[in-house]
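Residue numbers (our numbering): 2 to 431.
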């Protein structure tokens, strides 16, 4: 397409007017012919402007009117832009239709919301799980249709990092996991997934652990009592004594395992923290130092660095269990004369309980899995130390209940640092 500049269009209009003006001056015709020529030039321009207006008013769907010069160029450019826009619009509409058909086929409920929380679209599963109907509920406020207090708090708080679990408003036997995310100009996309089976399996697991642990305590107590009696009155047969000592050791280890399983079950079944009190850390750390020294084989240099000006609000038994697990682990996985530091301090943002050791350390690839139940970096080494594999899982659950987190830094043969990071609001000046 040839490009016409404004200079060419000026020549197209100016040259005829100049000729008319020259003719009028040469033959002394006055200004009337020049005025007529100027009116004709304006009429020519207005005619093209009217054709452009009529074409645009019609949607510019037909071929552009024939024109010369810059007007033809304007018609052609507008037509190209309109055709490209139409193609882009068709492409976007096809993509939207594809997404709608994809969402419509999902078993999860999908709801699209505008920036004001009004329903723009939902699939058929939204009716089965949430009771929404696309035709009837389109344009209505979602919070007027889902009246669960938990959902209202979750939706209006706009903190969607974690999903919300709630009972379906359609069927109380269905458990839903609801997640919301922003897209576009604060539009929202809501997904609701049926997690009833997962919820039931998790509940069955918790009940199984709690019931089995409870039922095993009595027979283990009896077995442990008899083994202690045999160990006390043994001494005549060395092989028999070794067998009794090994059975007694495993019986005690199983008893510790049951205690840890019951503690984990209780932490999971009672999510809300109760019995909070003000805890001074130095007496607690002194007690933990005694327990760590008893659990260690050989001497350990266990030091305490405690800021006595701050205490912590929390459940004393749970925090003692968590801190003790960290310290006992440090004692088990360090050699004689290694150094262990129990540290309590704060900065401008958090309060920290830290257990640092100069022991064998952990390779980086194992660190993310340390808080999993029964996970062991070295199976044989863990069995030798007598651990249950649940200590760090207990620590993680206790910290979650206290709105805290566990951070781990370690390197092979360079020791480890386990840090419990509490929110600044948990620390209290004393």
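Positions of the beta carbon are idealized from the N, C-alpha and C atoms, including for glycine.
Where residue i falls, given that 16 or more other Cβ within 10 Å makes a residue buried
| i | result |
| --- | --- |
| residue 291 | exposed |
| residue 334 | buried |
| residue 85 | exposed |
| residue 117 | exposed |
| residue 339 | buried |
| residue 56 | buried |
| residue 152 | buried |
| residue 241 | exposed |
| residue 371 | buried |
| residue 208 | exposed |
| residue 76 | buried |
| residue 49 | buried |
| residue 95 | exposed |
| residue 181 | buried |
| residue 358 | buried |
Residue i versus residue j - alpha carbon distance
| i | j | result |
| --- | --- | --- |
| residue 20 | residue 54 | 31 Å |
| residue 428 | residue 306 | 16 Å |
| residue 363 | residue 285 | 27 Å |
| residue 381 | residue 254 | Because the pLDDT at residue 381 is just 48, under 50, the model does not fix this residue reliably, and the value given afterwards should be weighed accordingly. If you take the alpha carbons of residue 381 and residue 254, they lie about 15 Å apart. |
| residue 342 | residue 187 | 49 Å |
| residue 377 | residue 392 | 11 Å |
| residue 45 | residue 36 | 14 Å |
| residue 303 | residue 330 | 13 Å |
| residue 369 | residue 419 | 13 Å |
| residue 191 | residue 313 | 39 Å |
| residue 138 | residue 147 | 12 Å |
| residue 332 | residue 223 | 30 Å |
| residue 256 | residue 375 | 15 Å |
| residue 336 | residue 416 | 11 Å |
| residue 238 | residue 245 | 11 Å |
| residue 161 | residue 250 | 48 Å |
| residue 293 | residue 287 | 10 Å |
| residue 104 | residue 421 | 42 Å |
| residue 107 | residue 97 | 16 Å |
| residue 356 | residue 154 | 38 Å |
| residue 164 | residue 126 | 18 Å |
| residue 351 | residue 328 | 21 Å |
| residue 27 | residue 72 | 33 Å |
| residue 367 | residue 189 | 38 Å |
| residue 184 | residue 47 | 47 Å |
CB-CB length for residue i against residue j, believed under 8 Å
| i | j | result |
| --- | --- | --- |
| residue 156 | residue 144 | 6 Å |
| residue 178 | residue 166 | 5 Å |
| residue 119 | residue 140 | 6 Å |
| residue 175 | residue 197 | 5 Å |
| residue 266 | residue 210 | 5 Å |
| residue 25 | residue 34 | 5 Å |
| residue 110 | residue 131 | 5 Å |
| residue 424 | residue 404 | 6 Å |
| residue 399 | residue 310 | With 8 Å as the limit, residue 399 and residue 310 do not qualify as a contact, their Cβ atoms being about 24 Å apart. |
Nearest neighbour of residue i, chosen from the options [CA to CA]
| i | options | result |
| --- | --- | --- |
| residue 121 | 129, 370, 112 and 13 | 112 |
| residue 261 | 325, 406, 82 and 409 | 325 |
| residue 114 | 133, 257 and 50 | 133 |
| residue 315 | 222, 88 and 401 | 401 |
| residue 1 | 346, 263, 244 and 269 | Lying outside 2 to 431, the shown extent of the chain, residue 1 is not represented and no answer is given. |
| residue 412 | 242, 426, 398 and 360 | 360 |
| residue 263 | 229, 213 and 246 | 213 |
| residue 322 | 394, 73 and 309 | 394 |
| residue 280 | 320, 351, 74 and 58 | 320 |
| residue 269 | 397, 353, 311 and 351 | 397 |
| residue 226 | 248, 92 and 180 | 248 |
| residue 129 | 172, 164, 276 and 243 | 172 |
| residue 13 | 41, 31, 30 and 28 | 41 |
| residue 277 | 318, 102 and 220 | 318 |
| residue 38 | 28, 51 and 22 | 22 |
| residue 217 | 87, 258 and 82 | 258 |
Any C-beta of chain D under 8 Å from that of residue i
| i | result |
| --- | --- |
| residue 238 | No chain D appears in this structure, which consists of one protein chain only. |
In chain order, each alpha helix (DSSP H) run of at least 4 residues that lies wholly inside the segment 188–235: If we require 4 residues or more, the alpha helix (DSSP H) runs fully inside the segment 188–235 come out as 197–233.
Entirely enclosed beta strand (DSSP E) segments - the segment 85–120, minimum 3 residues: 110–114
Minimum length 4: unbroken alpha helix (DSSP H) runs contained in the segment 22–66: Counting whole runs of 4 or more residues, the segment 22–66 contains the alpha helix (DSSP H) stretches 33–58.
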